[in-house]
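First comes the structure, then the notes that go with it.
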Amino acid sequence: MKKKMTYRAESTNKAWLFLLPALFFILVFNVYPLFRTFYMAVHSNNILKPEFVGLANFPAVFHDKLFILAMKNTLIYSITVVPLSIIISMFIALILNEKIRGNKFFETIFFIPYLTSVIAVGIVFRYLFNGQYGFINHMLSFIGVGPIEFLNNPDYNMLAAIIFGVWNGLAFNIIVILAGLRGIDKDYYKIADTFGASGWEQFKKITLPQLTNIITFLFLTSFIASFKVYNQIFALFNGKAGVGNRLVTAVFYIYKKFYVEYRYGQAMAAAVILFLFLLVMTFVQRAIIRKIAR
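Here the sequence shown is numbered in numbering that gives the first Met the number 0, starting from 0 and rising by one per residue.
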């Protein structure tokens with residue numbers, strides 16, 4: 000009996016031919032840098048004549064107080080910005096999903112920041128946070144608060160970065176959640192209305208379960224992005240990691256080690272530690288979200 004053949008795109012030569020350009024760029028700009036990072040992490044800081052030093056760079060990084068501070072700042076930033084951004088985005092998306100006047104206009108307004116340069120927005124936020132003439136301090140003065148030196152007082156640097164980070168993540172999150180909301184079958188809500196389910200019950204029993212995959216995706220991607228935060232801090236504090244380097248992040252630390260101190264091996268060792276930490280945290284976060292969703 001002749002075996003039935005099933006069509007598979009990847010088994011055809013033409014498919015691989017079309018994929019070759021994309022695979023080339025992935026190998027050159029993604030795979031090769033990753034292997035190069037691991038290679039440099041186990042070699043000396045001499046980039047021209049590197050010597051194999053094994054794992055010697057890793058203890059040097061772990062014993063660096065600046066690296067501990069960088070990881071601490073990055074962790075605080077991530078566990079604050081990511082949940083706040085997703086919760087606020089969910090609230091805004093639920094409002095936009097209702098049939099209100101001008102919802103298409105507001106969708107466009109909320110999506111515009113995603114198309115704007117982070118550096119340009121950071122400069123605007125620098126003026127908003129200014130202690131003398133900033134708009135935020137001007138608004139706080141009406142309730143008798145301030146002025147607060149968000150940018151010049153190290154005690155408020157993290158707060159400024161968190162506010163900027165939350166705002167910066169809203170646009171993408173809103174659009175993705177909104178797409179998920181519009182993909183939910185409306186019959187679920189009609190049946191729930193028939194049985195007299197409240198809005199909160201519908202949200203808890205219908206909306207959230209239907210958005211589990213989207214929320215998981217947003218948590219994973221946002222968490223990874225927040226741990227690689229650099230542009231926001233750079234733009235907000237004019238190229239510095241806060242006052243007195245108090246707001247140094249993991250990527251700021253890697254940049255300083257590589258381009259300022261020329262400790263290439265230690266910089267790449269820090270990059271490997273960050274990579275492994277993110278890998279573990281991604282699996283842990285995914286497992287937690289799946290457990291909660293059940």
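Backbone N, C-alpha and C define an ideal beta-carbon position, used for all residues, glycine too. Predicted model, so just to flag it, every value in this text is computed and none were measured.
Do you know whose CA, among the options, lies nearest residue i's CA?
| i | options | result |
| --- | --- | --- |
| L246 | L68, T193, A224 and F226 | L68 |
| L158 | N172, F124, L169 and H137 | F124 |
| L361 | I223, I142 and F163 | The requested residue 361 is not part of the displayed model; the chain covers only 0 to 293. |
| I108 | F51, L277, I135 and I174 | I174 |
| L278 | K227, A55 and G238 | K227 |
| L47 | K189, P208, Y261 and L33 | Y261 |
| W166 | V27, L83 and D63 | L83 |
| R181 | V27, P32 and E97 | E97 |
| Y263 | I162, E50 and D184 | E50 |
| A286 | A92, T215, T36 and Y254 | T215 |
Less than 8 angstroms between the CB atoms is what I'm expecting for residue i and residue j, so what's the real figure, rounded?
| i | j | result |
| --- | --- | --- |
| Q265 | N72 | 19 angstroms between Cβ atoms; not a contact. |
| L95 | L177 | 6 angstroms |
When the distance is taken between beta carbons, is residue j closer than 8 angstroms to residue i?
| i | j | result |
| --- | --- | --- |
| A249 | L273 | yes |
| V30 | F218 | no |
| S225 | I85 | no |
| I147 | G164 | no |
| K114 | Y252 | Note that residue 114 is Leu in the sequence shown here, rather than Lys. Contact flag unset, no. |
| V41 | L22 | no |
| I205 | G179 | no |
| N156 | S88 | no |
Any idea if residue i is buried or exposed, counting beta-carbon neighbours within 10 angstroms, 16 or more meaning buried?
| i | result |
| --- | --- |
| R100 | exposed |
| V259 | exposed |
| F61 | exposed |
| L210 | buried |
| K294 | This structure gives no information on residue 294, because the portion of the chain shown stretches from 0 to 293. |
| L18 | exposed |
| M39 | buried |
| I135 | buried |
| M70 | buried |
| L16 | exposed |
| G298 | In this structure the chain extends from 0 to 293, so residue 298 is not present and cannot be described. |
| M0 | Any reading at M0 needs caution, since the residue's pLDDT is 47, under 50, leaving its predicted position unreliable; the model's value is listed next. So M0 counts as exposed. |
| N12 | exposed |
| A92 | buried |
| F128 | buried |
| A14 | exposed |
At a cut-off of 7 angstroms, would you count residue i as near the ligand NAD, judging by its Cβ distance to the nearest heavy atom?
| i | result |
| --- | --- |
| L158 | In the structure on display, the ligand NAD does not appear, and there are no ligands present to speak of. |
Does residue i get closer than 8 angstroms to chain D when you measure Cβ to Cβ?
| i | result |
| --- | --- |
| G143 | The displayed structure is made up of one protein chain only, and chain D is not part of it. |
task = Indicate whether the contact test is met: 3 or more Cβ pairs, each with one atom in the region 113 to 128 and one in the region 227 to 237, closer than 8 angstroms.
result = Three or more beta-carbon pairs separated by less than 8 angstroms link the region 113 to 128 to the region 227 to 237, which places the two stretches in contact.
task = Evaluate contact between the region 70 to 86 and the region 182 to 198, counting only Cβ atoms and requiring at least three cross-stretch pairs below 8 angstroms.
result = The region 70 to 86 vs the region 182 to 198: no contact.
task = Could you tell me whether the region 142 to 156 touches the region 262 to 280, using the rule of 3 or more Cβ pairs below 8 angstroms?
result = No contact exists between the region 142 to 156 and the region 262 to 280.
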